[in-house]
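What the sequence shown shows, in UniProt numbering, is residues 1 to 244, in sequence order. No residue lacks a Cβ here, since even glycine has one placed at the ideal position from N, Cα and C.
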Amino acid sequence: GYGFRCVTDECPVAVFMVVFQSIVGCIIDAFIIGAVMAKMAKPKKRNETLVFSHNAVIAMRDGKLCLMWRVGNLRKSHLVEAHVRAQLLKSRITSEGEYIPLDQIDINVGFDSGIDRIFLVSPITIVHEIDEDSPLYDLSKQDIDNADFEIVVILEGMVEATAMTTQCRSSYLANEILWGHRYEPVLFEEKHYYKVDYSRFHKTYEVPNTPICSARDSAEKKYILSNANSFCYKNEIAFPSNRR
1 GYGFRCVTDE CPVAVFMVVF QSIVGCIIDA FIIGAVMAKM AKPKKRNETL VFSHNAVIAM
61 RDGKLCLMWR VGNLRKSHLV EAHVRAQLLK SRITSEGEYI PLDQIDINVG FDSGIDRIFL
121 VSPITIVHEI DEDSPLYDLS KQDIDNADFE IVVILEGMVE ATAMTTQCRS SYLANEILWG
181 HRYEPVLFEE KHYYKVDYSR FHKTYEVPNT PICSARDSAE KKYILSNANS FCYKNEIAFP
241 SNRR
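Next up, the structure:
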């Protein structure tokens with residue numbers, strides 16, 4: 001017959017080629033499996049399921065003028081250790097005359113108190129209180145309508161399935177901030193569960209009684225009014241005592 005072929009000790013080159021082929025095959029398999037797993041676990045697609053509202057709004061909340069925007073998670077899986085940040089970008093000229101085209105100013109969204117960490121089980125409205133430390137403190141409705149700046153908002157967290165960090169960003173120009181508006185509610189209580197209506201996610205409604213002056217002017221008016229009321233109250237008490 002024709003016999004058969006096999007690798008023997010008398011063929012060292014053949015033994016080397018078999019071992020080399022096995023090692024190269026294992027390396028190629030490892031690279032392919034790693035690439036597939038990395039592609040599946042890459043949090044890039046996760047960013048597409050994190051949404052920001054089309055517009056930011058400014059309205060009164062708990063008696064204070066606030067800048068607000070809404071974030072939501074379209075997936076059922078949670079975002080672990082989710083937290084938000086925001087910065088205002090605008091150009092400015094220093095006292096020495098230096099021009100800074102993109103000056104970055106942090107916007108406080110509750111870092112000191114810890115409310116910047118959110119549990120994104122349903123759409124949440126992020127609130128920035130426009131106080132004396134806010135870069136928007138001196139801006140009125142008319143100022144914002146004519147302003148040239150951009151507010152960059154950032155949402156960070158870890159993907160629940162892979163523990164990989166993901167980051168989602170959006171921004172609002174000055175003309176994308178609606179003064180005197182609030183977001184329509186999206187969370188409704190049904191029998192034994194809550195329902196989220198994402199068709200209302202970007203919708204707002206106007207609040208007519210929102211002051212159009214800046215937060216500084218509004219605070220000063222409240223201070224003057226409180227002093228005036230206090231002065232009248234003291235006189236009302238003083239007048240009867242004088243008559244006596």
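Residue nearest to residue i in terms of C-alpha spacing, selected from the options
{"i": "tyrosine 198", "options": "Phe52, Leu79 and Ala30", "result": "Phe52"}
{"i": "tyrosine 183", "options": "Glu81, Ile27 and Ala59", "result": "Ala59"}
{"i": "valine 196", "options": "Leu74, Gly34, Pro12 and Asp148", "result": "Leu74"}
{"i": "leucine 120", "options": "Cys26, Val80 and Arg216", "result": "Val80"}
{"i": "glycine 72", "options": "Thr125, Val57 and Thr204", "result": "Thr125"}
{"i": "aspartate 145", "options": "Ala174, Ser122 and Lys222", "result": "Ala174"}
{"i": "glutamine 142", "options": "Tyr193, Val127, Cys213 and Thr165", "result": "Cys213"}
{"i": "arginine 200", "options": "Arg70, Ile33, Arg61 and Cys26", "result": "Arg70"}
{"i": "aspartate 116", "options": "Ser122, Asn108 and Pro123", "result": "Asn108"}
{"i": "serine 122", "options": "Val36, Val57 and His78", "result": "His78"}
{"i": "isoleucine 151", "options": "Val36, Ile33 and Arg85", "result": "Arg85"}
Identified DSSP bridge partners for residue i
{"i": "asparagine 73", "result": "Leu50"}
{"i": "methionine 68", "result": "Val57 and Val127"}
{"i": "histidine 181", "result": "Glu206"}
{"i": "phenylalanine 31", "result": "Paired residue(s): none; phenylalanine 31 is not in a bridge."}
{"i": "leucine 187", "result": "Val196"}
{"i": "tyrosine 137", "result": "According to DSSP, tyrosine 137 bridges with nothing at all."}
{"i": "arginine 117", "result": "His83"}
{"i": "isoleucine 100", "result": "Arg92"}
Opening and closing residue of the beta strand (DSSP E) in which residue i lies
{"i": "lysine 195", "result": "193-196"}
{"i": "lysine 90", "result": "79-93"}
{"i": "isoleucine 154", "result": "150-159"}
{"i": "threonine 165", "result": "165-173"}
Cα-Cα separation, residue i to residue j
{"i": "asparagine 227", "j": "proline 185", "result": "Low confidence applies to asparagine 227: its pLDDT is 49, below 50, so where it sits in the model is not reliable, and the reading given next is rough at best. In a straight line, the C-alpha of asparagine 227 is about 38 Å away from that of proline 185."}
{"i": "histidine 202", "j": "methionine 68", "result": "12 Å"}
{"i": "glutamate 98", "j": "serine 91", "result": "11 Å"}
{"i": "histidine 83", "j": "serine 140", "result": "29 Å"}
{"i": "tyrosine 172", "j": "cysteine 66", "result": "15 Å"}
{"i": "cysteine 11", "j": "threonine 49", "result": "59 Å"}
{"i": "methionine 17", "j": "threonine 8", "result": "13 Å"}
{"i": "serine 170", "j": "valine 153", "result": "5 Å"}
{"i": "isoleucine 130", "j": "glycine 63", "result": "11 Å"}
{"i": "leucine 187", "j": "leucine 136", "result": "30 Å"}
{"i": "phenylalanine 231", "j": "arginine 216", "result": "Model confidence at phenylalanine 231 stands at a pLDDT of 40, short of 50, so the residue's coordinates are unreliable; what they give is reported in the following sentence. Approximately 23 Å, taken between the alpha carbons."}
{"i": "aspartate 29", "j": "valine 19", "result": "16 Å"}
{"i": "aspartate 112", "j": "tyrosine 194", "result": "31 Å"}
{"i": "cysteine 26", "j": "alanine 163", "result": "28 Å"}
{"i": "isoleucine 177", "j": "methionine 37", "result": "41 Å"}
{"i": "threonine 165", "j": "histidine 192", "result": "33 Å"}
N- and C-terminal bounds of the alpha helix (DSSP H) containing residue i
{"i": "isoleucine 107", "result": "Looking at the DSSP string, isoleucine 107 is not in any alpha helix (DSSP H), and its letter there is neither H nor E."}
{"i": "isoleucine 144", "result": "141-146"}
Beta-carbon separation (whole angstroms), residue i vs residue j, contact threshold 8 Å
{"i": "glutamate 156", "j": "glutamine 167", "result": "5 Å"}
{"i": "phenylalanine 149", "j": "leucine 88", "result": "6 Å"}
{"i": "threonine 210", "j": "asparagine 55", "result": "With 8 Å as the limit, threonine 210 and asparagine 55 do not qualify as a contact, their Cβ atoms being about 15 Å apart."}
{"i": "glycine 180", "j": "glutamate 220", "result": "Contact doesn't hold; Cβ gap of about 20 Å is too wide."}
Contact with chain B by residue i, beta-carbon distance below 9 Å
{"i": "serine 22", "result": "In the structure shown, chain B cannot be found, because there is only a single protein chain."}
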